[in-house]
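A.B. asks: Numbering (this note's numbering), first residue to last: 1 to 724. Heads up, the beta-carbon is just placed ideally off N, CA and C, and yes, glycines get one too. Shown below is the structure under consideration.
Shown next, in the form of structure tokens:
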């Protein structure tokens, strides 16, 4: 049994491990012992850079057991940053494994590990350009169906010690510059052609030359990388021990046949969130992988609550997760709880304890699902693999930080003689200008830095939904990223915004709202006259479809955006200025004839203008506007909340003072914006494009007296202009 040691935990935190990883590490006796020894051998008990700490963690979990006498030497290379990338470290492991306990030849070792080789971004860009030039024909033919992994491989051959994150960034950007945005055709499955008669022998070479290039299977179907349940007899992983032979974990023929008989050969996955907070966009990727694979293969996906830590779990979170999974478009095969299996886990723990190698996490805390029946709870490493097996999960899919648990996962199932699911890890989703650690999210919420778990500035799914983002846009974003094992470079927020715009451009009705109103009196319109004009809900609205239009009043007093008026005109300015004309959208051209200024002679109080009822003037500038619906009556007042990036830095999680990086401009509230009368009919969740301003959604804070709108995203499309 393992009891959390605060001193050891502090030691792990000092080398840059996040709190959850550090605590989970403590649950594994072997890794805890190894990592503690590694930290002391490396002489970094007072802490070190996170990048160094990550390499030390890898040494603690993967160092070849037959070369332990060389571990201190390797650690000195790491601490001195002579070895600083995962690729170098893997090369070091391979070299040391072959050297074993023999004398280490420093020159050969350094050469094998790329010590002293510096690869600049310019070197990477040059190598990528060379590869793209060599493969340009194939890339242009296959577009985004090209096997990107092969491109990486060619770059790696040229520059084996290049930083894989930088390589991915450069390749992605190069692809985008060459091909532009991914089209619908890039995601379509190829049309199957009718079988043709076999070609004659003399024609075969010609047929092979002229046939279309083979498309990347992963691009056509991201789930094709996963094996079938019938193939789950192969060795999953090799587990090394210092005192016994290597364990090659795999299912026996009998275990696999028993499993297939129970499942009927269907794919069964699981989405296993811990109910200790609201789900975020990283969980959207996990759902896409788990539920998506099961759906694509005609199987089922369990929604399993990993409820083994009652101190942090609440029914509120359980209810939220159930609801948000449905909103994301997924339907669980069955909803289960790890606590449902506590009796099974207890009995298996007793058996392991008898054998002298079990651990149980002590908590004398009431459980939100199981009540106070149990006074002990299983740790994640103990429960996860066993429940996977008991539920006959075929594919146990998780993010890369769990890769270090493979050995304990399969060792435990092997020790108990239980069926072993296929385990595969994929890169986690990291989005710029935000944090997705539940610990950090919890601080933001509980310390009132934001307005709850569904604050529209957060990357929680509840926050995104409240902001006006749809589940289909989120799933399109996740699908576009793909399912890979690359080490999860930072995805720019603008990439998500691109998918949001793509959908809302097709589904959000247009309307007119003025955020910062400036009064314009049209002096040649008769007082009391109100004209009802037709405005388009959609850009391509057919003239004969009345449902595609809405009415807007046009009267003597209209309001434009204060930013659409200047006292001094210029050639590159298309707004209104003294003596200049603009077109009011869906209405008439107006010309500024006079300006009423405040006593400071700078602040504009009111504009006088004349309109051109014959529309003979053809001004270049087009403005949105809102008019008085009847004489002396203000337009409809609405509250508009302008949301922007929550943090100033691209990766605030890396900052020591990450809370100090919160953007003061992430939320701007406009209390009294003006809207056209038809907006008054809007209800919770309705989405609009406020013309020239962006996309907005009705917020839950709306009342019968006043509507509240959240800005979902601006109209500007940074991603399509080269953002990653």
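(1) Residue 216 to residue 389, Cα distance in whole Å?
(2) When DSSP builds the beta bridges, which residues end up paired with residue 424?
(3) Quick check: residue 151 and residue 131, are their CB atoms within less than 7 Å of each other?
(4) Along the chain, which unbroken stretches of the beta strand (DSSP E) at least 3 residues long are found entirely within the stretch 616-683?
(5) Under 7 Å between the Cβ atoms of residue 652 and residue 435?
(6) Count the C-beta pairs between the stretch 514-533 and the stretch 545-560 that are closer than 8 Å, then say yes if the count reaches three, no if not.
(7) Among the candidates 96, 18, 70, whose CA atom is the shortest distance from the CA of residue 51?
(8) Determine whether the beta carbon atoms of residue 124 and residue 171 lie at a separation below 7 Å.
(9) Does the stretch 392-405 come into contact with the stretch 312-321, if we say contact requires no fewer than three beta-carbon pairs (one atom in each stretch) closer than 8 Å?
(10) If we ignore side chains and look at the alpha-carbon of each, how far apart do residue 204 and residue 694 end up?
(11) Since I believe residue 610 is in contact with residue 472 (beta carbons under 8 Å), could you give me their beta-carbon distance rounded to a whole number of angstroms?
(12) Taking all protein chains shown into account, decide if residue 252 is buried (16 or more other Cβ within 10 angstroms of its Cβ) or exposed.
(13) Roughly how many whole angstroms lie between the Cα atoms of residue 725 and residue 425?
(14) Do residue 460 and residue 278 have their C-beta atoms closer together than 7 Å?
(15) Is residue 194 buried or exposed, if buried means 16 or more other CB atoms sit within 10 Å of its CB?
(16) Can you say whether residue 275 is buried or exposed, counting buried as having 16 or more other CB atoms within 10 angstroms of its CB?
(17) Taking the straight line between their C-alpha atoms, what separation do you get for residue 598 and residue 578?
(18) Would you kindly report the start and end of the unbroken beta strand (DSSP E) that includes residue 67?
(19) Please state if the CB of residue 168 and the CB of residue 489 are separated by a distance shorter than 7 Å.
(20) Return the Cβ separation of residue 285 and residue 423 in integer angstroms, given the expectation that the two are a contact with Cβ distance under 8 Å.
(21) Have a look at 467, 53, 153, 451 and flag the residue whose alpha-carbon is nearest the alpha-carbon of residue 711.
(22) Whose C-alpha, out of 240, 330, 439, 87, is nearest the C-alpha of residue 157?
(23) How far does the beta strand (DSSP E) with residue 305 in it reach, from first residue to last?
(24) On the premise that residue 268 lies in contact with residue 249, defined as a C-beta separation below 8 Å, what is that separation, rounded to the nearest angstrom?
(25) Do residue 680 and residue 644 have their CB atoms nearer than 7 Å?
(26) Among residues of its own chain, excluding the 5 on either side of residue 238, which ones have a beta-carbon nearer than 8 Å to its beta-carbon?
(27) The alpha helix (DSSP H) that contains residue 389, what's its start and end?
(28) Who pairs with residue 531 in a beta bridge, going by DSSP?
(29) Would residue 684 and residue 698 be called neighbours here (beta carbons separated by less than 7 Å)?
(30) Can you name, in chain order, every residue of its own chain whose Cβ lies under 6 Å from the Cβ of residue 628, other than the five neighbours on each side?
(31) Alpha carbon to alpha carbon, how far is residue 672 from residue 465? Give it in angstroms, no decimals.
(32) May I ask you to report which of helix, strand or coil DSSP gives residue 581?
(33) Apart from the five residues on each side of it in sequence, which residues of its chain come closer than 7 Å, Cβ to Cβ, to residue 73?
(34) Exposed or buried, which one is residue 453 when buried takes at least 16 other CB atoms within 10 Å?
(35) For residue 332, name the three-state secondary structure that DSSP assigns.
(36) What separation, rounded to the nearest whole angstrom, lies between the Cα atoms of residue 575 and residue 612?
C.D. replies: Let me lay it out:
(1) Low confidence applies to residue 216: its pLDDT is 48, below 50, so where it sits in the model is not reliable, and the reading given next is rough at best. Distance between the alpha carbons of residue 216 and residue 389: 33 Å.
(2) DSSP, once it has assigned bridges, lists 397 as partnering residue 424.
(3) Contact flag set, yes.
(4) If we require 3 residues or more, the beta strand (DSSP E) runs fully inside the stretch 616-683 come out as 636-643, 667-675.
(5) In this structure, residue 435 lies closer than 7 Å to residue 652 by Cβ.
(6) Yes, since at least three Cβ pairs between the stretch 514-533 and the stretch 545-560 fall closer than 8 Å, the two stretches touch.
(7) The option with the nearest alpha carbon to residue 51 is 18.
(8) At least 7 Å separates the beta-carbon of residue 124 from that of residue 171.
(9) They do not touch, by the three-pair rule.
(10) Caution applies to residue 204, whose pLDDT of 42 falls short of 50 and renders its modelled position unreliable; the value that the coordinates give is listed next. In this structure, the CA atom of residue 204 is about 56 Å from the CA atom of residue 694.
(11) Going by Cβ atoms, the distance from residue 472 to residue 610 rounds to 47 Å, so no, they are not a contact pair.
(12) Burial state of residue 252 is exposed, judged by a 10 Å Cβ sphere holding fewer than 16 other Cβ atoms.
(13) Since the first residue shown for the chain is 1 and the last is 724, residue 725 is missing from the structure and cannot be characterised.
(14) Yes.
(15) Low confidence applies here, because residue 194 scores a pLDDT of 49, under 50, leaving its location unreliable and the question unanswered by this model.
(16) That one is buried.
(17) The alpha-carbon of residue 598 is positioned some 16 Å away from that of residue 578.
(18) For residue 67, no beta strand (DSSP E) run applies, since DSSP gives it neither H nor E.
(19) Note that the C-beta distance between residue 489 and residue 168 is below 7 Å.
(20) Not really, about 17 Å apart at Cβ, beyond 8 Å.
(21) With distances taken between CA atoms, residue 711 lies nearest to 467 out of 467, 53, 153, 451.
(22) Residue 87 is the option with its Cα nearest to residue 157.
(23) The continuous beta strand (DSSP E) containing residue 305 extends over residues 300-305.
(24) About 20 Å separates the beta carbon of residue 249 from that of residue 268, a gap too long to meet the 8 Å contact definition.
(25) Cβ distance not < 7 Å, so residue 680 and residue 644 don't count as in contact.
(26) Contacts found: 246, 247, 248, 249.
(27) Residue 389: member of the alpha helix (DSSP H) spanning 380-390, first to last residue.
(28) Residue 531 is bridged to 554.
(29) Yes.
(30) Excluding residues within five positions, the ones whose Cβ falls inside 6 Å are 555, 557.
(31) In a straight line, the C-alpha of residue 465 is about 24 Å away from that of residue 672.
(32) Three-state DSSP puts residue 581 in a strand.
(33) Same-chain partners within the cutoff: 104.
(34) With 16 or more other Cβ atoms within 10 Å, it is buried.
(35) Three-state result, residue 332: coil.
(36) If you take the alpha carbons of residue 575 and residue 612, they lie about 17 Å apart.
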